[in-house]
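Per this note's numbering, residue 691 is the first one in the sequence shown, and the count goes up by one each step.
Working notes, beginning with the structure itself.
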Amino acid sequence: MSRRSIKVSLALMVTDLLTGKPIQTGLRIRLDSGLPALGKKEGFWVFLNLPPALYTVVVEAPFYQKKEMRLLAGEGFSLVQVGLIPNRHFSFSQPVHWLTGPLPSQRPIWAALEEQTPRFRLTQAFAAGDSTLSLYDTGPAFSTLQVWIDGEEGKRGLFQLSPERMEEGRYRLDRPCPFPMDHRTKILPAAEVDGTSQRYDIPLPASCNALYLVDGDGRLLLSRQRTGDE
Numbered sequence: 691m692s693r694r695s696i697k698v699s700l701a702l703m704v705t706d707l708l709t710g711k712p713i714q715t716g717l718r719i720r721l722d723s724g725l726p727a728l729g730k731k732e733g734f735w736v737f738l739n740l741p742p743a744l745y746t747v748v749v750e751a752p753f754y755q756k757k758e759m760r761l762l763a764g765e766g767f768s769l770v771q772v773g774l775i776p777n778r779h780f781s782f783s784q785p786v787h788w789l790t791g792p793l794p795s796q797r798p799i800w801a802a803l804e805e806q807t808p809r810f811r812l813t814q815a816f817a818a819g820d821s822t823l824s825l826y827d828t829g830p831a832f833s834t835l836q837v838w839i840d841g842e843e844g845k846r847g848l849f850q851l852s853p854e855r856m857e858e859g860r861y862r863l864d865r866p867c868p869f870p871m872d873h874r875t876k877i878l879p880a881a882e883v884d885g886t887s888q889r890y891d892i893p894l895p896a897s898c899n900a901l902y903l904v905d906g907d908g909r910l911l912l913s914r915q916r917t918g919d920e
């Protein structure tokens with residue numbers, strides 16, 4: 691009698707939007723049918739042997755906003771990075787202003803935060819079209835991260851960032867950036883906003899200057915700048 695082969699259909703890495711670091715404590719990931727994901731020591735959560743289809747995945751963690759996503763499990767392996775946004779019960783280490791309002795679109799929307807001290811450093815090769823860049827503060831390396839690259843109108847896009855050589859703080863985009871960059875180009879951490887809500891409620895820490903909401907193609911939908919009244 692042959693054994694049934696075990697195949698990873700979906701793998702998820704869940705990170706904090708503000709830090710880019712993996713969330714482990716109290717994390718719960720399941721399909722809307724109730725099937726739980728299995729945790730792996732490498733920090734990934736996996737669903738095994740799913741028939742090819744579109745699934746609703748629910749991600750929850752204490753002190754973070756719940757997120758529901760529609761993910762496609764195909765014949766091959768799919769790795770998905772999920773950034774969670776802290777909720778109002780989160781214990782922040784710095785002053786925080788909350789930005790709220792109606793979502794500007796029914797399409798999937800990502801939130802990107804502009805930090806006063808940029809987290810990413812352009813390398814000469816990256817600015818010329820290579821896909822490798824560095825961090826200002828290497829610290830403990832994160833695993834994967836979604837980033838929004840803003841080179842102003844016509845030079846924007848969403849990308850996946852993953853470590854190339856973690857001990858050196860070097861990371862690689864999932865594809866070369868199709869437009870040139872210079873010192874004005876912004877590379878910002880991004881996370882998909884829960885599509886089941888009609889509004890956004892996102893913390894803007896004192897270390898951040900602005901919030902941007904963008905669509906899946908990286909187009910800017912809305913920007914909120916820090917003001918003295920916030």
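For glycine and all other residues, C-beta sits at the position ideal for the given N, C-alpha and C.
In this text, all values refer to a predicted model and were calculated from it rather than measured experimentally.
For residue i, the first and last residue of its enclosing beta strand (DSSP E)
{"i": "residue 895", "result": "889-895"}
{"i": "residue 737", "result": "735-738"}
{"i": "residue 791", "result": "786-792"}
{"i": "residue 718", "result": "718-721"}
{"i": "residue 754", "result": "No beta strand (DSSP E) contains residue 754, which DSSP labels as neither H nor E."}
{"i": "residue 927", "result": "An answer regarding residue 927 cannot be provided, because it is not within the stretch 691 to 920 covered by the chain."}
{"i": "residue 874", "result": "Here residue 874 belongs to no beta strand (DSSP E), and DSSP marks it neither H nor E."}
{"i": "residue 835", "result": "835-840"}
{"i": "residue 709", "result": "Per DSSP, residue 709 belongs to no beta strand (DSSP E) and is neither H nor E."}
{"i": "residue 650", "result": "Because residue 650 is not part of the residues shown, which for the chain are 691 to 920, the question remains open."}
Beta-carbon spacing of residue i, residue j below 7 Å
{"i": "residue 818", "j": "residue 880", "result": "no"}
{"i": "residue 878", "j": "residue 804", "result": "yes"}
{"i": "residue 710", "j": "residue 835", "result": "yes"}
{"i": "residue 908", "j": "residue 862", "result": "no"}
{"i": "residue 905", "j": "residue 911", "result": "yes"}
{"i": "residue 903", "j": "residue 799", "result": "yes"}
{"i": "residue 779", "j": "residue 753", "result": "yes"}
{"i": "residue 995", "j": "residue 821", "result": "As shown, the chain starts at 691 and ends at 920. That puts residue 995 outside it, with no answer to give."}
{"i": "residue 884", "j": "residue 757", "result": "yes"}
Local Cβ density within 10 Å of residue i, reported as buried at 16 or more and exposed below that
{"i": "residue 788", "result": "exposed"}
{"i": "residue 797", "result": "exposed"}
{"i": "residue 875", "result": "buried"}
{"i": "residue 707", "result": "buried"}
{"i": "residue 755", "result": "buried"}
{"i": "residue 751", "result": "buried"}
{"i": "residue 790", "result": "exposed"}
{"i": "residue 828", "result": "With a pLDDT of 45 at residue 828, under the threshold of 50, the predicted position of this residue should be treated as unreliable, and no value is reported."}
{"i": "residue 771", "result": "buried"}
{"i": "residue 705", "result": "buried"}
{"i": "residue 830", "result": "Residue placement at residue 830 is poorly supported in this model, since its pLDDT is 47, which falls under 50; the coordinates still yield a value, given next. Residue 830 comes out exposed."}
{"i": "residue 782", "result": "exposed"}
{"i": "residue 924", "result": "This structure cannot settle anything about residue 924, because the visible part of the chain is limited to 691 through 920."}
Nearest residue (CA-CA) to residue i, options the options
{"i": "residue 728", "options": "713, 702, 753 and 708", "result": "702"}
{"i": "residue 793", "options": "743, 887 and 906", "result": "887"}
{"i": "residue 873", "options": "822, 841, 799 and 756", "result": "841"}
{"i": "residue 698", "options": "902, 735 and 898", "result": "735"}
{"i": "residue 737", "options": "752, 769 and 898", "result": "769"}
{"i": "residue 900", "options": "715, 742, 786 and 844", "result": "786"}
{"i": "residue 898", "options": "704, 889, 883 and 915", "result": "915"}
{"i": "residue 864", "options": "739, 716, 837 and 889", "result": "837"}
{"i": "residue 808", "options": "815, 823 and 795", "result": "823"}
Contact with chain C by residue i, beta-carbon distance below 7 Å
{"i": "residue 835", "result": "Looking for chain C here will not work: only one protein chain is present."}
* Touch test, the segment 746-762 against the segment 836-852, Cβ-Cβ under 8 Å, three pairs minimum -> No, the segment 746-762 does not touch the segment 836-852.
* To do: Count the C-beta pairs between the segment 705-722 and the segment 747-758 that are closer than 8 Å, then say yes if the count reaches three, no if not.
  => Judged by Cβ distances under 8 Å, the segment 705-722 makes contact with the segment 747-758, as three or more pairs qualify.
* Cβ contact check for the segment 891-904 and the segment 769-781: 3 or more pairs under 8 Å -> Taking a cut-off of 8 Å for Cβ pairs, the segment 891-904 and the segment 769-781 touch, as three or more such pairs fall below it.
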